[in-house]
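Note sheet for the following structure.
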Amino acid sequence: MRHAFEHACRRCAGVFSPALELSQFSVLTAACPHCGYSHGYDNRDGKILNLLREKQGRSDEPLTPAAPEAPALPAVSVQQEQTPGENFAADDAPYNSTIETTAIDRTEYPLQVEERSSHPVSEWRLKLPGIRQVVLVASTLMTLFITGLVVMQAIPVADEEAKAQLAQLKNREADVVLDRNGQELNRLGVSDSTKAVLADYPRWQIDILLFAEDKNFFRHHGVEYSAILRAVVNNALRLRYAQGASTITQQLARIMLQNRQKRILRKLSEIRLARALESTLSKPKILELYMNHVYLGHGNYSFASAARFYYDKTPQELNFNEFLSIVALIPSPERYSPLRNGRRLAGRMQALYERMRGAGMKVPDMQAYEGGMASVTAQAERFSTETAFGSKSRLALWPAQYARDFLTQRKILGGEHQNSARVYTTIDATLQARAEELLAKHIQKARQNFQSVIRSSDQKEIRLKKKLQNAVLDSGLLLDLGGLPVAREADGGLQAALIAMSPRTGEILAMVGGESFQSKNQLNRTVQMRRQTGSAIKPFIYAKALSQHLIHAATLVDDTPYVVGSGSKAWAPENINGGFEGPMPVRDALAKSRNIPAIRVGRLVGRDGITELFSDFFFQNENALSERFSYDETVAIGTISLSPLEMARAFSVFLNNGFLNDPLLITRVESAEKSADMRKTHIDQLGLYPASKDRLLSQAESQLMLSLLKSSGKKSGAGVNAIVGKTGTSSESRDLWFVGGGKEIVVAVWFGYDDMRYAIPGATGSALAAKLAGDFLRPDFKPADFKLQPGMVRLRVCPLTGRTASETCPHARSEIFLSGVVPEGECLHGISDEQSDFMAVMGESQFR
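Residue numbers (our numbering): 285 to 1132.
And the structure:
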């Protein structure tokens, strides 16, 4: 005999009717149709049958079975009474709305009330009666303990306590972000423009909020003690915090106390303050304060702010579904974020909607409700990194927002409350302002000078794949969407990113994640995006070969046709200009950014050496190495994807005598509640993992690389004397790079499109990225120090033969070497039969 009754899911709060075979006296199970969570029901002694009979008032009659396809509760009378909003008529803040609202039923389904006192428990606990007894004893003791404390709270509290907290709430400032010298960069927080008076909200909106959060708001005096005791017992039975019982007044008190920990003492502090608030403020004022300070996700601290952020509307302009979605965020704004977890939010909204219908509220019919979900589900197409701070014009919003998000995730700042904190960063305000201004100018100039194209033969494919963009932002924009040879104009949207740091300390000096920080452009491309590096990776390949003494600066490497792989997987890489120049010294091969020599040197280093290189410089964590690195000969020419921050950090090794530093953005956090010295916490602030090795190159090796990189920097197009650096241009000019710097700074610059199918034909790293880097570095540039270190020698060499130069060699030039790793032999220039001898020498090259 199968029976059904209504039950609220413990996980998603969705109401469903589990059809159970109550004639079986055992532990029964049923899964929630909304979220799949499995519930257990203890019917070993026929308890559920007895409860149902009692609630129907027919305990002496057999219970009528429910049909499996249409289970339902017996009709329950609905007591008609005032809606919560009607109480405003007797208070001091009447509604402006004329919308009528059907009365909300204050009674609950009888079975549900009983269920909370004998809630289904997990099967494993039912099989362990000893543990169950302990839990019941513990819950009883806890109930007595809390009851005593609550009674103690009945002592009158001074109104001064509430007034002091209200003054603090009113005067609370936004978080202040400061640069390395204590100069204010900007403020992030709630402004008066994101607040509203209660009369701005239609009556039906208030009814929805009170139904979801506090049905008895106008009846209690700030606290519902019965609900607290019920929650205590429920939580004790579950051996965890599973149910709360906070009224809106208590939630406002929690916001004021800025403490989200689920502990008894915190709850008692809330109770005390809630009672004080009730004795100080009117009900409408409490509700207004709550709606102006409750956290609703993505940096929104009020209903007005959330309405503007999620739907670009005022509260009055919101439709039923839109306002319901905002109310549904209250328990956990990040968990139910429409930008990140749209399906989860829809499930919670559905549960609330069904409860409202069941309670007799005036709501849209099912067809209208489902149709109204379009604007809610559309939020999933937005960037998941968007916040409410997107339209501000203040300086350094990229690093400021990154710092705030990081501190919130680490619970150093309270994400759901406006802790008035001072966040000290490593940013240099002068460099940051310069970077933001120059990046915007260079992007505009690039859009005028270069036409972007997208390669695809199917316009429908373009539209569909474009929707995938948001889905891959957090994983680094790594989708390879490919292309076919039909060119179409792009829609603008060329982007760039710049990050600068101190090579000596790892401190971030400037961070610009895109053209402008706006609501739809908050992807921080310096840290949240990974793109193919192109030739910008070559210095690391050469550095590894030099450190293994496989090559020296004068070693001749062939720039001749070369095939990677075999059979159907064979591929013949080319240089950017399509030609070949034959054997050339390592210095020239790097300076000219020749692809074939780099691949040959990479092959000389070998699989193990290349893997070790990327482990040391980029992926110090084993999981990151296995997930993001796969050996292939083409990694030597930049087919691997990295972020600008990763490139800048790795390049700093050359400017820091071979040492690798962990990047640092936040130095100190101060607030009224706490102070934290972030330098001493050893927390990985930028998500790159602490370096497993401090030193990656010897001092002599790093100095030798500086010498080589001065040559490549001179040819980079940066236009800065003595700069060390390297440009990079990925396949079909999709990604344009420059990485380099001087004595006190290293900078990484990237140009490209978020959608990897878009390319910039004719553009190179030299034409765009290096030009921006040069303009940024030039005003106060200091060249890197270079000194001939112990273990280094300077010799005259012949660049045509790779040998030491004879006294009469007309091509001789000075070159630097590691001691013991020098050319063998002397060139034959200047003797008789010179041409014949020269050809003989060239034939001996091991790289031929």
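The C-beta atom is built at its ideal place from N, Cα and C for all residues, glycine as well.
- Runs of the alpha helix (DSSP H) spanning 4 or more residues and lying entirely within the stretch 849-888 occur at 870-875, in chain order.
- The residue among 790, 486, 290, 737 with its C-alpha nearest the C-alpha of residue 974 is 790.
- Distances from the alpha-carbon of residue 1021 to those of 892, 935, 602 put 935 closest.
- Between residue 318 and residue 298 a beta carbon distance of about 4 Å is seen, short of the 8 Å cut, so the two are scored as contacting.
- Note that the stretch 713-726 does not touch the stretch 969-989; fewer than 3 beta-carbon pairs, one per stretch, sit closer than 8 Å.
- In the structure shown, residue 1084 falls within a coil segment according to DSSP collapsed to helix, strand and coil.
- Between residue 648 and residue 604, the C-beta gap is smaller than 8 Å, which places the two residues in contact.
- In this chain, the beta strand (DSSP E) harbouring residue 1022 covers 1019-1025.
- In the three-state scheme derived from DSSP, where H, G and I count as helix and E and B as strand, residue 833 is classed as coil.
- For residue 469, the secondary structure class from DSSP, reduced to helix, strand or coil, is strand.
- Under DSSP, residue 1010 shares a beta bridge with 1023.
- About 38 Å separates the Cβ atoms of residue 778 and residue 835, ruling out a contact at the 8 Å cut-off.
- Across the set 615, 1051, 965, the C-alpha of 615 shows the shortest separation from the C-alpha of residue 628.
- According to DSSP, residue pairing for residue 1036 in a beta bridge involves 779, 1019.
- Within its own chain, the residues whose Cβ lies closer than 8 Å to the Cβ of residue 496, once the five positions on either side in sequence are excluded, are 611, 612, 614, 636, listed in chain order.
- Remark: fewer than three beta-carbon pairs, one from each stretch, lie closer than 8 Å, so the stretch 988-1005 and the stretch 958-968 are not flagged as touching.
- Per the C-alpha coordinates, the member of 923, 643, 890, 933 positioned closest to residue 904 is 933.
- Residue 587 is not a Cβ neighbour of residue 780, given a cutoff of 8 Å.
- The C-alpha of residue 817 is placed about 9 Å away from the C-alpha of residue 927.
- Judged by DSSP in its simplified three-state form, residue 306 adopts coil rather than helix or strand.
- Residue range 322-326 is occupied by the beta strand (DSSP E) that includes residue 325.
- DSSP places residue 595 in the uninterrupted alpha helix (DSSP H) bounded by 587-595.
- Put simply, of 914, 459, 785, 890 the residue whose alpha carbon is nearest the alpha carbon of residue 1061 is 785.
- Between the alpha carbons of residue 618 and residue 865 lies a gap of roughly 57 Å.
- In the structure shown, residue 950 adopts extended strand secondary structure according to DSSP, grouped into three states.
- In this structure, the alpha-carbon of residue 326 lies about 10 Å from that of residue 306.
- Note on geometry: alpha-carbon atoms of residue 902 and residue 877 lie some 21 Å from one another.
- Judged by DSSP secondary structure, residue 312 falls within the beta strand (DSSP E) whose first and last residues are 311-315.
- For residue 463, there is no enclosing alpha helix (DSSP H), as DSSP marks it with neither H nor E.
- Spanning the alpha carbons of residue 505 and residue 532 requires a straight line of approximately 11 Å.
- Sequence-distant partners of residue 1103 (beyond 5 residues in either direction) whose C-beta falls short of 7 Å from its own C-beta, in its chain, are 1075, 1076, 1077.
- By the neighbour-count criterion, in which a residue is buried when 16 or more other Cβ atoms sit within 10 angstroms of its Cβ, residue 579 is buried.
- With 16 or more other Cβ atoms inside 10 Å of its own Cβ, residue 980 counts as buried.
- Here the C-alpha atom of residue 906 lies approximately 41 Å from the C-alpha atom of residue 1087.
- In the structure shown, residue 1100 adopts extended strand secondary structure according to DSSP, grouped into three states.
- Ranked by how close their Cα comes to the Cα of residue 304, the residues 944, 890, 570, 332 have 332 in first place.
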